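Presented below is the structure to which this report refers.
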Amino acid sequence: MLLFFSFLSVFSQTRLASVLSDHMVLQQKSNVALWGKDKPNVRIIVRSTWGKDAYSLSDMYGNWKVNIETIEAGGPYEIEIVGSERIVLHDVLLGEVWICSGQSNMKMPLIGNYGQPVFDSNLEILNSTNKNLRFFDVACTTSSVPLDDCEGEWKLSNPRTASKFSAVAYFYGKMLQSQLDVPIGLICSAWGGTPAQAWTPRYVIDEGFKEFENSIEDVKSYSSKTPTLLYNSMIHPLINYTIKGAIWYQGEANRSNPEQYLRLFPAMIESWRKAWRLGDFPFYFVQVAPLGWGDGQWPLIREAQLKSMLAVHNCGMVVTLDIGEPTCIHPPHKKAVGQRLALWALAKTYGYTELQYSGPVYRSMEIRGKEVFLNFDYAPNGVTSMYKELKYFEVAGLDNIYHPAEARIDKGQLKVWCDDVEEPVNVRYAWSDYVDGCLFNTAGLPASSFRTDSFGVK
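All the letters of the sequence shown, read from the start, carry residue numbers -17 to -1, 1 to 441 under mature numbering (1 follows the signal peptide of the UniProt record, and there is no 0).
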C-alpha cells in the first residue's frame, strides 16, 4: 500500500483541492490559503491579477500550501498556479464567504422536497440570476479519517443552480449580497437526518462524550449518523478555506437528549473555530421549529439551543416559533429563516447597528401579588403580540405545578397571571411540542419558548 501511494506521489501532477476552482469566491481583505498536491519538492508559484503573489515548496509527500493576500471585494480575477504544471483559475471573485451546514432543513433546496414546498420558490428561482452570488455544494459522503478534499464545484446563481441549492442558504446569501453589494460565496455542507456528533471531530468525542465510543468502534454500523464521520469528510476538507463565518440549521436529530446537546453543540462550535484558526468567527444558527408530533422533547431541545446561544461568544439564534408546521418537520418558510439569519450577520458582523436582529430573550421577572411582570433583552421598544392572541403562558406556584395563565401587554410590558395561583413563583411560555408563537419584539421577531426557573433569575 505504501509503495502504491509513493508511486502516485512521484508521478502526480499539479492539482488543487476541489473547493479551489473557477468561479470561486475568496474572502476579501484576508490572508487566504491555496493548497493541493504535486510531485515532492516542487517550487509552487502563485500569481493573482489583483497584484499579489505567493510561493511555496511541496513537501516529501507532494503536499503544498501557500497563503496569499486578498484585497477589497471585487473581480473577476485570475489566479495562476505554477508547479510541475501550470493551472489558471478563471472568474475568481473577492467577497464574503460563509459555511452553511446542518441537516435536512439546511439541505432542503429552493425548489422544495417531494411533497414539501418552499414558499415563493417559483418567483425566487426566476429571479435568481446573480453573478455575485455563488454556491459550492459539498457532496454527501462519510469517512472514518479526516480527509483533505471533498467533491463539489463552484456555480454562479441562476435558475438552474439556485433551484437545487439550499433554500435557507440562498435567501441568506441573497440578502447579504443585496445589502453589502459585494460578492457572496456560500459553501453548503449539509446532510439530512444527521446529529451534531457526526459533525464533531474525534478528539472532542474522546474527551467529553464517552457515551459515543461504542458507535465509533462498531465499524459495520457506520452511517451518516456515526460520530465524527461527517466532520471528517465534509468539514475537515474545508478548514483551510478562509471564511467569514458559519450558519447552521440542525437539532432535530438530537431532540431525544437535550441535556447532552447542551454540552455537545457548544463543543462542536468551539472545535470548528479551533480547526479554522480564525478566532471566534460568527456562528449563527436556527432553533428547531415547533412540530405537532413528538414526545415532549421539542421545548427542551429549543431550550438547549437558547442556552447555547447565551453561553457561546459571537453566536446568534434565529427563532422559528411562528413559522412551524404542525405536521411537517420541513416548514416551507425558508425565506423568513434565511432573512432572519442575515439580520444577525448584518447587525453583528457587518455593523448595521440600527437593526433589531434577535427576538426577545427572557431577562428577569418581578412578582406583584398574583401578577408576574416579565422583562426581555432584544426588545428595545418592548414586546408585542403582533395582533395575535396571547396564549401558551403558564404560571407555577410553590408546588412547581404549572397552570394555564392569562397574559396582557401594556405599553410593551408583558404581564402574566393565573387566578388559581395565589403566590406565583415561575412562568413558562410555549412549553409544548407545537405552538404558533405570539410573542415578538416590534420588529416582528419571535421570542423563544422559555421557563423562568431554568435561568435562575427571579
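Quick reminder that beta carbons are idealized off the backbone N, C-alpha and C, glycines included. On a predicted model such as this, the values are computed, not experimentally measured, just so you know.
- No residue range can be given for G176, since it is assigned to no alpha helix (DSSP H) and is classified by DSSP as neither H nor E.
- Following the DSSP letters along the chain, one finds P282 in no beta strand (DSSP E) but inside the alpha helix (DSSP H) bounded by residues W281 to A294.
- Annotated as distal: F148 and D103, with beta-carbon spacing of 8 Å or more.
- Separation of T53 and W33 (C-alpha to C-alpha, rounded to the nearest whole angstrom) is 8 Å.
- Assignment of P265 by DSSP, reduced to helix, strand and coil, places it in the coil class.
- When secondary structure is reduced to three states using DSSP, L357 falls in the strand class.
- Between the alpha carbons of A390 and K398 lies a gap of roughly 6 Å.
- Here P142 has I108, L109, S111 and T112 as same chain residues with Cβ atoms under 8 Å from its own Cβ, once five neighbours each way along the sequence are excluded.
- Sequence-distant partners of F433 (beyond 5 residues in either direction) whose C-beta falls short of 6 Å from its own C-beta, in its chain, are Y345 and Y412.
- Across the structure, P249 and A179 are spaced so that their CA atoms are roughly 10 Å apart.
- Residue state for R434 is assigned as strand, using DSSP reduced to three classes.
- When DSSP states are grouped into helix, strand and coil, D189 belongs to the helix group.
- A Cβ-Cβ contact shorter than 8 Å links A173 with C83.
- Rounded to the nearest whole angstrom, the C-alpha separation of T367 and S1 is 48 Å.
- In the structure shown, V151 adopts helical secondary structure according to DSSP, grouped into three states.
- As the crow flies, the alpha-carbon of Y361 is around 25 Å from that of P241.
- Contact between the region 372 to 382 and the region 330 to 343 is absent, with fewer than three C-beta pairs closer than 8 Å.
- Short of 6 Å from the beta carbon of I226, and not among the five residues preceding or following it, lie these beta carbons of its own chain, in chain order: V80 and I82.
- Classified as exposed, M43 has fewer than 16 neighbouring CB atoms from the shown chains inside 10 Å of its CB.
- Setting aside the 5 residues that flank it on each side, T435 is surrounded in the same chain by M348, N409 and V410, each with a C-beta closer than 6 Å to its C-beta; the list follows chain order.
- Assignment of P92 by DSSP, reduced to helix, strand and coil, places it in the strand class.
- Taken atom to atom, the span from the alpha-carbon of W18 to that of E68 is near 14 Å.
- The beta carbon of G420 sits closer than 6 Å to the beta carbons of L304, D305 and P429 from its chain, once the five residues preceding and following it are set aside; these are given in chain order.
- If you draw a straight line from the Cα of Q(-5) to the Cα of K317, it comes to about 43 Å.
- When secondary structure is reduced to three states using DSSP, Q396 falls in the strand class.
- Here DSSP, grouped into helix, strand and coil, assigns N46 to strand.
- Leaving aside the five residues that flank S87 on each side, the residues in its chain whose CB is nearer than 7 Å to its CB run, in chain order, G175, G176 and H313.
- By the criterion of a C-beta distance shorter than 6 Å, V295 is surrounded in its chain by P249 and I252, once the five residues flanking it on both sides are discounted.
- Looking from the CA of P309, the closest CA among L324, G275 and L289 belongs to G275.
- With at least 16 other beta carbons inside 10 angstroms of its own, I167 counts as buried.
- Per DSSP, reduced to three states, the secondary structure at S104 is helical.
- A straight-line Cα-Cα distance of about 19 Å links N115 and S13.
- Linking M158 to E354 through their CA atoms gives a straight-line distance of about 42 Å.
- Taking the Cα of E405 as reference, the smallest distance to any Cα among Y385, K290, R185 and H73 is reached at Y385.
- Boundaries of the alpha helix (DSSP H) harbouring W255: P241 to W259, taken from the DSSP string.
- Per DSSP, the beta-bridge partners of Q99 are N96.
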